[in-house]
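In UniProt numbering, the protein residues as written are 1 to 319.
Structure follows, in structure tokens:
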């Protein structure tokens with residue numbers, strides 16, 4: 001059974017760049033010991049959002065330098081593997097790449113410190129091909145407070161939302177705390193996403209979405225990527241089975257999420273269930289979702305909803 005796969009979030013580029021939990025020399029996107037590499041994913045029709053993770057403590061020039069070094073690493077990996085992967089920016093480019101048998105690579109950034117406190121830098125990121133920005137990680141930056149902190153968006157954060165939308169950068173509310181989420185949802189003029197978050201009603205981790213938050217994303221014609229992180233799937237089970245992920249799917253579907261649900265694996269940024277490691281195991285997940293929810297829903301979840309979102313976002317920028 002042929003499948004297409006669109007993953008809204010992984011930390012593979014950052015893990016390879018830093019060498020975290022990898023053997024020396026094991027830092028090639030082509031072949032490595034991480035969750036994702038191109039050789040193991042060969043033959044998959046696949047779009048991957050590759051995030052540059054920005055540590056909370058970086059500010060100013062240090063943040064810019066860190067991002068620019070990460071960008072060079074990303075580009076070097078694409079150049080070294082141009083037979084298997086290509087950077088994309090639009091829905092049409094995504095489709096062209098996957099039909100050509102290549103990984104369609106969307107560049108994203110996780111952490112608003114990349115703007116170095118200057119919302120106008122959003123235009124520079126867009127010129128680099130950045131398509132999505134997660135406003136915060138779990139702590140604080142110049143734009144606002146993440147899930148581990150009080151507060152919400154700062155005045156600079158409010159300006160950054162507008163600047164990103166003007167530049168065509170999708171706003172990602174995963175990691176943003178509840179107050180910041182509400183502010184962002186009130187400000188948004190274009191559809192927005194939670195790239196890697198689950199249902200708080202199923203697993204009450206603060207990183208997961210409340211029902212109200214999910215329904216605001218549905219109303220905004222946004223997108224929610226289901227996260228494979230074990231701690232966000234279950235509070236009790238160390239190695240959650242498919243039934244735990246299915247419970248999140250069922251809950252979001254009960255809230256009208258059939259056209260909102262996607263996948264945001266968090267590969268190489270967290271611990272995932274053994275049956276989803278390495279990333280090629282998503283083929284097994286597809287079969288399980290087909291069996292539990294039907295192939296039409298599986299196709300929406302795995303690819304169609306995310307691609308449709310990209311088309312909607314592009315159209316919203318033309319108004």
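Even for Gly, the Cβ is constructed at its ideal location relative to N, Cα and C.
Keep in mind that this is a model prediction, so the values were computed, not measured.
Bounds of the alpha helix (DSSP H) holding residue 126 are 122-128. Fully contained in the stretch 218-247 are the following beta strand (DSSP E) runs of length 3 or more, in chain order: 223-226.
For residue 8, the uninterrupted beta strand (DSSP E) run begins and ends at 4-10, by DSSP. Judged by DSSP secondary structure, residue 283 falls within the alpha helix (DSSP H) whose first and last residues are 282-293. Rounded to the nearest whole angstrom, the CA to CA distance from residue 186 to residue 264 is 24 Å. Secondary-structure assignment with DSSP links residue 50 through a beta bridge to 10 and 107. Distance from residue 194 to residue 152 at the Cβ level is roughly 16 Å; contact not present, criterion being Cβ atoms closer than 8 Å. Its Cα nearest to that of residue 109, the residue 170 stands out among 288, 293, 170 and 250.
The straight-line gap separating the alpha-carbon atoms of residue 275 and residue 12 is approximately 19 Å. Residues of the same chain with a CB within less than 6 Å of the CB of residue 183, apart from the 5 flanking positions on each side, are 152 and 153 in chain order. In the three-state scheme derived from DSSP, where H, G and I count as helix and E and B as strand, residue 114 is classed as helix.
The beta carbon of residue 239 lies closer than 6 Å to those of 273 and 274 in the same chain, with the five residues before and after it left out.
The beta carbon of residue 164 sits closer than 7 Å to the beta carbons of 122, 133 and 171 from its chain, once the five residues preceding and following it are set aside; these are given in chain order. In this structure residue 306 touches residue 223 by the C-beta definition: roughly 6 Å separates them, less than 8 Å. Here residue 176 has 135 and 136 as same chain residues with Cβ atoms under 6 Å from its own Cβ, once five neighbours each way along the sequence are excluded. By the C-beta density criterion, residue 204 is exposed, having fewer than 16 other C-beta atoms within 10 angstroms. When rounded, the separation of the alpha-carbon atoms in residue 76 and residue 124 is 19 Å.
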